[in-house]
Amino acid sequence: MKKLALAALIATHPTLGTATEIVPFDRSWKEQGFLRLFSNDCVQRGGQLDVVSDCTVSLLWRPIVRSQRSTRAVSWAWRVQEGVTATDLTVKGGDDRNLAVYFVFVDPGRAEALEGSSARRILREGSARALIYVWGGRHSRGTILPSPYSSQLRTKVLRGSSAGAHHEKVDLVSDYRAAFGGPPGALVGLAVSADSDDTKGKIVASISNLSLRNQLNQP
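Following the working numbering, the numbering of the sequence shown begins with 796 at its first residue and continues without gaps.
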């Protein structure tokens, strides 16, 4: 009976089980532009985000709902049809990349107070940390890099600067520990960016099937 009761509880509260949550690109993502720079062209099409970055840079931000704060693994598909040249991602003002996917964490005790906040507001929080997965740069796959902009940011290189199409599955807990030296807090936001302003290049890319999981061994 206890097992049946637990199964019923999981069925009605999927975040207690092994639920996979698809994050839609449904205009709930809001652009966070940068002063003095033109923004990328982004089209949200439900399951897919299309991005054109032509000598531009911007970031799309989506706050996380409460049920997703304990996310431990993420997967997505992404494609680059046209991209920028390889850059040094540790150099401020010279770190263009085709696509970057951000996962922003804060201390669990601060998550409620920051719920629904903008990316800028959250990154002013002392406990905030962002783990960034990048397609681009001239670094080896798997390299974790410090950000030239803030000690609160770390970048993990998943793909080099070449074009193509790939599916990714990442372990947020393991990567966060490698990047920051401890366990992650509560996930509070996601972001996607493309950056071509420094190289004066052009990016034509997309990301789709962005899926959040609370267990690492889910399909």
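Virtual Cβ for every residue (Gly too), placed ideally from N, Cα, C.
Are there 16 or more other CB atoms within 10 angstroms of the CB of V901, so buried, or fewer, so exposed?
Along the sequence shown, one-based indexing puts residue 901 at 106. V901 is buried by the Cβ-count criterion.
Along the chain, where does the alpha helix (DSSP H) that runs through A814 open and close?
Here residue 814 refers to the residue found at position 19 of the sequence shown. No alpha helix (DSSP H) holds A814; DSSP gives it neither H nor E.
Just to confirm the assignment, what range does the beta strand (DSSP E) spanning I939 have?
Along the sequence shown, read from residue 1 onward, the residue named residue 939 stands at position 144. Looking at the DSSP string, the run of the beta strand (DSSP E) that includes I939 is 939 to 941.
Rounded to whole angstroms, how far is the Cβ of A981 from the Cβ of R864, which I believe are closer than 8 Å?
As a first step, residue 981 must be located in the sequence shown, where it is residue number 186. As a first step, residue 864 must be located in the sequence shown, where it is residue number 69. Right, the Cβ-Cβ distance comes to about 4 Å (below 8 Å), so this counts as a contact.
Where does the unbroken beta strand (DSSP E) through R924 begin, and where does it stop?
Indexing the sequence shown from 1 puts residue 924 at position 129. Counting along the chain, the beta strand (DSSP E) containing R924 begins and ends at 924 to 930.
Within 10 angstroms of the Cβ of H934, are there 16 or more other Cβ atoms? Answer buried if so, exposed if not.
The residue given as residue 934 occupies position 139 in the sequence shown. Buried.
For T885, which residues in the same chain have their Cβ closer than 7 Å to its Cβ, ignoring the five residues on either side in sequence?
Start at 1 with the first residue of the sequence shown, and residue 885 comes out as number 90. Only L940, P941, P943 meet the Cβ criterion.
What separation, rounded to the nearest whole angstrom, lies between the Cα atoms of G911 and V899?
Indexing the sequence shown from 1 puts residue 911 at position 116. Indexing the sequence shown from 1 puts residue 899 at position 104. Using only the alpha carbons, I get a separation of about 13 Å.
Can you tell me which residues form a DSSP beta bridge with Y897?
Here the question's residue 897 lines up with position 102 in the sequence shown. Its beta-bridge partners are I927, A986.
Measure the CB-CB distance between V852 and S1001 and report whether it falls below 8 Å.
As a first step, residue 852 is located in the sequence shown; it is residue number 57 there, counting from the start. As a first step, residue 1001 is located in the sequence shown; it is residue number 206 there, counting from the start. No.
Name the DSSP bridge partner or partners of T950?
Reading the sequence shown from its first residue, position 155 is the one you call residue 950. Answer by DSSP bridge pairing, in chain order: I927, L940.
Looking at Q843: is its Cβ nearer than 8 Å to the Cβ of S988?
Here residue 843 refers to the residue found at position 48 of the sequence shown. Here residue 988 refers to the residue found at position 193 of the sequence shown. No, Cβ-Cβ distance for Q843 and S988 is not below 8 Å.
Go ahead and pull the three-state DSSP assignment for I859.
One-based indexing of the sequence shown puts residue 859 at position 64. It is coil, neither helix nor strand.
Beta-carbon separation of D891 and T994 under 8 Å?
Position 96 of the sequence shown holds residue 891. Position 199 of the sequence shown holds residue 994. It is a contact, given that the beta carbons lie within the stated cut-off.
Taking V968 as the reference, which of S913, G977, H961, A960 has the closest Cα?
Your numbering for residue 968 matches position 173 in the sequence shown. When each option's Cα is compared against that of V968, the closest is G977.
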